[in-house]
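Numbering-wise (the numbering used here), the sequence shown opens with residue 6 and increments by one. Ideal Cβ placement from N, Cα and C applies to all residues, glycine included.
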Amino acid sequence: MKLCLAKQSGFCFGVKRAIKIAKEEAGKYNNVYIKGDLVHNEKVSKDIENMGIKKVSSLKEVPASSTIIIKAHGEGRSTYDELKNKKLKVIDATCPMVKDIHRRAAEMEKDGYQVIIVGDRNHEETKGILGNIDKGLVIESFSEVKKFKNLLAKKIGVVCQSTQNQKNISSILYELSKYVEELKFLNTICRPTRLRQKEIEALAQKRAAILVVGSKKSANTKRLFEVAKAKNKNTFWITSAKISKRNFSKFKSIGIIGGASTPVEIIAKLKEKLK
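Encoded structure:
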């Protein structure tokens, strides 16, 4: 069996930065909290917990005078207002690329555009983008455009969740162009996402099978799986190195890629088990 690991596997810049910030703050303060998961990976979340950072589902659970870390996916303006009112020390680990989407979406709205966000409706990043504008609309697929056509303004500005698939966005833009007079698109897919999707698309056409490694919560991992599956039916989504119940020995070559929040040690363990 020949194993080929994608060059783009492992933590992206935003994930590395968020984890570095969490480690630094955990060492400085005693009462450190985080609302939700820093990034979408179960091992990373466990590591964060082991640092002494307490995970909460609501800011109501955070005591006064505590320190709170903003997750890499970002938050809406109302969360920052609530944090300010509670007088908490805020450590912002939002990915700078996501922060830039917040800024650009707000600027388009200020310029008179109705903002459309192409993204997964229930994902934290999409919710954060939506929470940084006054009134936006989330569209997940081209089939939804017709459904929302009566809600569309004449002047539309489009941004996207940083881990989206370019082909999905292109189909949505085409559909939107049928119903609006002016359409402005800002391609806010981050560079690491574009590079990973390009590499896995090529790898999927060269290898007998593809293993995409990452959490089921991870949007960027989901996109990698979709891109690879479209090119290679023998594409499998693996959440950990535990593959004892699976038989991959029939494949002469396997391509492996990890999501942007997948620790390299999980990928390394997987490679050893396959060997």
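Three-state class that DSSP yields for PHE18 in the structure shown:
helix
Would you tell me roughly how many angstroms separate the C-alpha atoms of LYS76 and VAL67, rounded to the nearest one?
15 Å
By the DSSP assignment, the beta strand (DSSP E) with GLY133 in it spans what residues?
Per DSSP, GLY133 belongs to no beta strand (DSSP E); it is in the alpha helix (DSSP H), 129-135.
Span of the beta strand (DSSP E) around PHE241
240-243
So what does DSSP say about ILE248, is it helix, strand or coil?
coil
Within the same chain, show all residues whose beta-carbon is closer than 7 Å to that of LYS222, passing over the 5 residues directly before and after it, in chain order.
HIS45
If we count the other Cβ atoms within 10 Å of its Cβ and call it buried at 16 or more, is GLU30 buried or exposed?
buried
Endpoints, the alpha helix (DSSP H) within which THR226 is located:
224-236
Figure out for me which residue from ASP86, ILE74 and LEU64 has the closest Cα to the Cα of ILE53.
ILE74
Enumerate in chain order the residues of its own chain whose CB-to-CB distance from HIS128 is below 6 Å, with the five nearest sequence positions on each side excluded.
ALA224
Segments assigned alpha helix (DSSP H), at least 4 residues, entirely inside the stretch 16-71:
18-33 and 47-55
Segment contact, 8 Å Cβ cut-off, at least three pairs: the stretch 243-252 with the stretch 199-206
no
Expressed to the nearest angstrom, what Euclidean distance is found between the alpha-carbon atoms of VAL232 and LYS280?
26 Å
Can you check whether the C-beta of LYS140 is within less than 9 Å of a C-beta belonging to chain D?
Chain labels in this structure do not include chain D; a single protein chain is all it has.
Considering just the uninterrupted stretch of the beta strand (DSSP E) at LEU142, what are its terminal residues?
141-144
GLU186 classed as buried or exposed, judged by whether at least 16 other C-beta atoms fall within 10 angstroms
exposed
Is ILE259 closer than 9 Å to VAL218 when the C-beta atoms are compared?
no
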